[in-house]
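S.K.: These protein sequence lines map, in sequence, to chains A and B.
Mapped onto our numbering, the consecutive letters of the first sequence carry residue numbers 1 to 225.
Mapped onto our numbering, the consecutive letters of the second sequence carry residue numbers 226 to 450.
There are 2 protein chains.
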Amino acid sequence: MCRHCETRALSVCSPLEGEAFYGLQRLNHPVTFPARAVLFNQDSPARHVYTIVHGVVRLYKLLPDGRRQIVGFALPGDFLGLALADGYGFCADAVTAVSACRFSRDHFAEFADQYPTVLRRLHEMATHELALAQQQMVLLGRRDAEEKIASFLLALQQRWGRIHGKTSVTIDLPMGRQDIADFLGLTIETVSRTLNRMARDRLLVIVPDGVRVLDAAKLDKLASA
Amino acid sequence: MCRHCETRALSVCSPLEGEAFYGLQRLNHPVTFPARAVLFNQDSPARHVYTIVHGVVRLYKLLPDGRRQIVGFALPGDFLGLALADGYGFCADAVTAVSACRFSRDHFAEFADQYPTVLRRLHEMATHELALAQQQMVLLGRRDAEEKIASFLLALQQRWGRIHGKTSVTIDLPMGRQDIADFLGLTIETVSRTLNRMARDRLLVIVPDGVRVLDAAKLDKLASA
DNA sequence: ACCGGTCCTTGCTATATGTCAATGTAGCCG
DNA sequence: CGGCTACATTGACATATAGCAAGGACCGGT
Chain A
1 MCRHCETRAL
11 SVCSPLEGEA
21 FYGLQRLNHP
31 VTFPARAVLF
41 NQDSPARHVY
51 TIVHGVVRLY
61 KLLPDGRRQI
71 VGFALPGDFL
81 GLALADGYGF
91 CADAVTAVSA
101 CRFSRDHFAE
111 FADQYPTVLR
121 RLHEMATHEL
131 ALAQQQMVLL
141 GRRDAEEKIA
151 SFLLALQQRW
161 GRIHGKTSVT
171 IDLPMGRQDI
181 ADFLGLTIET
191 VSRTLNRMAR
201 DRLLVIVPDG
211 VRVLDAAKLD
221 KLASA
Chain B
226 MCRHCETRAL
236 SVCSPLEGEA
246 FYGLQRLNHP
256 VTFPARAVLF
266 NQDSPARHVY
276 TIVHGVVRLY
286 KLLPDGRRQI
296 VGFALPGDFL
306 GLALADGYGF
316 CADAVTAVSA
326 CRFSRDHFAE
336 FADQYPTVLR
346 RLHEMATHEL
356 ALAQQQMVLL
366 GRRDAEEKIA
376 SFLLALQQRW
386 GRIHGKTSVT
396 IDLPMGRQDI
406 ADFLGLTIET
416 VSRTLNRMAR
426 DRLLVIVPDG
436 VRVLDAAKLD
446 KLASA
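#1: Can you give me the C-alpha to C-alpha distance between F33/A and L39/A, rounded to a whole angstrom?
#2: Check whether the Cβ atoms of G210/A and T170/A sit closer than 9 Å, and answer yes or no.
#3: May I ask which residues mark the beginning and end of the alpha helix (DSSP H) holding Q359/B?
#4: By how many angstroms is the C-alpha of L62/A removed from the C-alpha of K446/B?
#5: Quick check on V71/A - is its C-beta less than 9 Å from some C-beta in chain B?
#6: Confirm, please, whether the CB-CB distance from P76/A to H48/A is below 9 Å.
#7: Could you tell me whether any Cβ in chain B is nearer than 9 Å to the Cβ of L184/A?
#8: At 9 Å on the CB atoms, spell out the chain B contacts of K61/A, in chain order.
#9: Given a threshold of 16 other Cβ atoms within 10 Å of its Cβ, counted over all protein chains shown, does T419/B qualify as buried or as exposed?
#10: In the DSSP assignment, the alpha helix (DSSP H) including K166/A goes from what residue to what residue?
#11: Measure the Cβ-Cβ separation of L429/B and L378/B and say whether it is below 9 Å.
#12: What are the uninterrupted segments assigned as beta strand (DSSP E) that are 3 or more residues long and contained completely in the region 252-325 of chain B, given in chain order?
#13: Going along chain A in order, which residues have a C-beta closer than 8 Å to the C-beta of G314/B?
#14: Just checking, does the region 120-133 of chain A make contact with the region 9-20 of chain A on the three C-beta pairs under 8 Å criterion?
#15: If the criterion is Cβ atoms closer than 9 Å, does the pair M175/A and R68/A meet it?
#16: From the beta carbon of L348/B, is the nearest beta carbon of chain A less than 9 Å away?
#17: Using the C-alpha atoms, what's the distance from N41/A back to R453/B?
#18: Determine the direct distance from the alpha carbon of G291/B to that of D268/B, and round the result to whole angstroms.
#19: Around the C-beta of T117/A, are 16 or more other C-beta atoms found within 10 angstroms, so that it is buried, or is it exposed?
#20: Please classify S236/B as buried or exposed, where buried requires at least 16 other C-beta atoms within 10 Å of its C-beta.
#21: Do you know offhand how far C316/B's Cα is from I188/A's?
#22: What are the residues in the region 234-258 of chain B lying within 8 Å of chain A by C-beta distance?
#23: Is there contact here, the region 95-109 of chain A with the region 364-378 of chain B, by at least three beta-carbon pairs under 8 Å?
#24: Taking only beta-carbon positions, decide if A380/B is within less than 9 Å of chain A.
#25: Below 8 Å on the Cβ atoms is my contact criterion, and I expect L82/A with A126/A to pass it. Report the Cβ-Cβ distance as a whole number of Å.
#26: Taking the C-alpha atoms as reference points, what is the distance between Y60/A and H353/B?
#27: Considering only the alpha carbon of each residue, which of A20/A, V98/A, H164/A, A216/A lies closest to F108/A?
#28: Who are S104/A's beta bridge partners in DSSP?
#29: What whole-angstrom Cβ distance do D404/B and V320/B have, given they're in contact under 8 Å?
#30: Distance, Cα to Cα, A97/A vs A133/A?
#31: What span of residues does the alpha helix (DSSP H) with R455/B cover, start to end?
#32: Helix, strand or coil: which one does DSSP assign to L222/A?
#33: For N253/B, which residues from the same chain have a beta carbon less than 8 Å from its beta carbon, with the 5 sequence-adjacent residues on both sides left out?
#34: Taking the CB atoms as reference points, tell me whether Q383/B and G297/B lie closer together than 9 Å.
#35: Among all the DSSP beta bridges, which residues are the ones paired with G435/B?
#36: Can you give the beta carbon distance from A450/B to E372/B, rounded, assuming they're within the 8 Å contact cut?
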């Protein structure tokens, strides 16, 4: 039940109480997806909106010739369908097994119109996403491979930290190298080489499905340089 | 006066009528900036929000070592300060002479809370910006110089088209080559070479402060390829 | 335990774009 | 008119990253 949901503090529903809270809960259809399942794609009409509860979703755009740009990874608490528009504008599929709260887009939009506090929260989340997107534009346009990887790792570390309530030196990387490459505008080979060079230089250790940070200071320097 | 404003259809105020319209007009402080003037920068607190009426503003982020990424060009009708947050998150300065509607952020936020239709419109604009930002991420991460330039030119052509009510084969480029480079994640030399190669190949003609499109079909193909 | 598949790593080479430097062009002001 | 300044172009060269290909590690199924 929503009442005890561990990701509530992070999601759209965080500011809701009483009537509004139960109203939204009534609209909720909990769903789960196995790894690799498609949540929706680029051109399909946006019938639903989602809040991720567990797992990781990759959001990406495809060019006609198959090149892919991952525009974001959705983690627990993240909302998919912020635009409340007719199309999503990108594809989404599950990197790991995923559980989510699903809402009909129409019902959700109606609900948002009824409770301005929800709309306000939605706008807050949208502008936060926008700020992240702009940060990513700097990364994609103006940073080299090493800086990209360092920024990516530290950003993920922070996001996991907010989700779990504590920061860990071990950073979970549930997505594969190809996903990281397609997020950072690199090739899989460059990602692999750069990570392994960082490991050789004792900045970090590569562990199954993640890395462990050894030299946070040097990594920070690379990320913000 | 707002009543006859030519950019009204494009801006936040488009859905406003009667009471709300006059309420917002009362909050408006018209301002002008000469070319190169700074509207605000990265770290300064966000005291105001703006709607651009005339001219072009560049929005950018700076890295500590001076590298610059332009995250967008604001054209007539565009809104600066969508986040209604304490900081802008980027710098803004005038490319050309600019006139704008300026509002106190606090007053504007208060106004938005009072009129949900404004908040809704703001959210709409924010998610539109987000979609553009994601499109730009694809461009920055996965396209080559030629594709970047072609996309940029056509996107600008469309934006001017919506502003002027008619599409023109002459695309105005009020920003310099360095600005284009910093927007597309290239160097000024690559922008110059690519544009001149396109001119040599009869895709376009370079004119003062702009280009004239000769082969729209080939340009389209490059832009979406 | 073995097999097959998927993902990751690593070396070699190719290339698009960056870097540096010189030259050209145009507007502006005295 | 001339010369200053900012901006744009062009060429020669350097390099980070891409592309290709071979091998290695790991995992899940039988």
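A virtual CB, placed ideally from N, CA and C, is assigned to each residue, including glycine.
M.R.: Let's see:
#1: Taking the first residue of the first sequence as position 1, residue 33/A is located at position 33. Taking the first residue of the first sequence as position 1, residue 39/A is located at position 39. So the two alpha carbons sit approximately 8 Å from each other.
#2: Against the first sequence, residue 210/A aligns to sequence position 210. Against the first sequence, residue 170/A aligns to sequence position 170. Going by C-beta atoms, G210/A is nearer than 9 Å to T170/A.
#3: On the second sequence, residue 359/B is found 134 positions in, with the first residue counted as 1. Its alpha helix (DSSP H) spans residues 341-367.
#4: Position 221 of the second sequence holds residue 446/B. Position 62 of the first sequence holds residue 62/A. When rounded, the distance between both Cα atoms is 16 Å.
#5: Taking the first sequence and counting its residues from 1, the one referred to as residue 71/A is at position 71. For V71/A, the nearest beta carbon of chain B is closer than 9 Å to its own beta carbon.
#6: The residue you call residue 48/A lines up with position 48 of the first sequence. The residue you call residue 76/A lines up with position 76 of the first sequence. In this structure, P76/A does not lie closer than 9 Å to H48/A by Cβ.
#7: The residue you call residue 184/A lines up with position 184 of the first sequence. Among the residues facing chain B, L184/A is included, as its CB has a counterpart in that chain under 9 Å away.
#8: By one-based count along the first sequence, residue 61/A stands at place 61. Per Cβ cutoff of 9 Å: Q359, Q360, M362, V363, R367.
#9: One-based indexing of the second sequence puts residue 419/B at position 194. T419/B comes out buried.
#10: If you number the first sequence from 1, residue 166/A lands on position 166. In the DSSP assignment, K166/A falls outside any alpha helix (DSSP H), carrying neither H nor E.
#11: As a working note, residue 429/B is residue 204 in the second sequence. As a working note, residue 378/B is residue 153 in the second sequence. Yes; because the gap between Cβ atoms is below 9 Å, this pair is in contact.
#12: 254-258, 263-265, 273-279, 282-287, 293-299, 316-319
#13: For this step, residue 314/B is matched to residue 89 along the second sequence. Those are A131, Q134, listed as they occur along chain A.
#14: yes
#15: Walking along the first sequence from the start, residue 175/A turns up at place 175. Walking along the first sequence from the start, residue 68/A turns up at place 68. Not a contact, by the Cβ cut-off of 9 Å.
#16: The residue labelled residue 348/B in the question sits at position 123 within the second sequence. Strictly speaking, residue 348/B in this sequence is His, with Leu absent from that position. For H348/B, the answer is yes, since a Cβ of chain A falls inside 9 Å of its Cβ.
#17: Given a span of 226 to 450 for chain B in the structure shown, any question on residue 453/B remains unanswerable.
#18: If you number the second sequence from 1, residue 268/B lands on position 43. If you number the second sequence from 1, residue 291/B lands on position 66. Taking the straight line joining both Cα atoms gives about 15 Å.
#19: The residue labelled residue 117/A in the question sits at position 117 within the first sequence. By the 10 Å Cβ count, T117/A comes out exposed.
#20: Translated into positions along the second sequence, residue 236/B becomes position 11. So S236/B ends up on the buried side.
#21: Within the second sequence, residue 316/B is the residue found at index 91, counting from 1. Within the first sequence, residue 188/A is the residue found at index 188, counting from 1. Distance between the alpha carbons of C316/B and I188/A: 34 Å.
#22: none
#23: no
#24: Reading the second sequence from its first residue, position 155 is the one you call residue 380/B. Not closer than 9 Å to any Cβ of chain A, the Cβ of A380/B fails to qualify, so no.
#25: For the purposes of this step, residue 82/A is taken as the residue at position 82 of the first sequence. For the purposes of this step, residue 126/A is taken as the residue at position 126 of the first sequence. Their Cβ separation, rounded to whole angstroms, is 5 Å, which keeps L82/A and A126/A in contact under 8 Å.
#26: On the first sequence, residue 60/A is found 60 positions in, with the first residue counted as 1. On the second sequence, residue 353/B is found 128 positions in, with the first residue counted as 1. Y60/A and H353/B: Cα-Cα distance of roughly 17 Å.
#27: Here residue 108/A corresponds to residue number 108 of the first sequence, with the count starting at 1. Ranking A20/A, V98/A, H164/A, A216/A by Cα distance to F108/A puts A20/A first.
#28: Residue 104/A sits at position 104 when you count from the first residue of the first sequence. Beta bridge pairing from DSSP links S104/A with H48/A.
#29: Within the second sequence, residue 404/B is the residue found at index 179, counting from 1. Within the second sequence, residue 320/B is the residue found at index 95, counting from 1. D404/B to V320/B, Cβ: 7 Å. Contact.
#30: Counted from its first residue, the first sequence places residue 97/A at position 97. Counted from its first residue, the first sequence places residue 133/A at position 133. Looking at the two C-alpha atoms, the distance is approximately 25 Å.
#31: Nothing in the structure corresponds to residue 455/B, since chain B is present only between 226 and 450.
#32: Taking the first sequence and counting its residues from 1, one reaches residue 222/A at position 222. It is helical.
#33: Taking the second sequence and counting its residues from 1, the one referred to as residue 253/B is at position 28. Once the five neighbours on either side are set aside, the close Cβ partners of N253/B are C227, C326, R327, F328.
#34: If you number the second sequence from 1, residue 383/B lands on position 158. If you number the second sequence from 1, residue 297/B lands on position 72. Not a contact, by the Cβ cut-off of 9 Å.
#35: Within the second sequence, numbered from 1, the residue matching residue 435/B stands at position 210. BP columns for G435/B point to D397/B, V432/B.
#36: By one-based count along the second sequence, residue 450/B stands at place 225. By one-based count along the second sequence, residue 372/B stands at place 147. With a Cβ gap of about 6 Å, A450/B and E372/B count as contacting.
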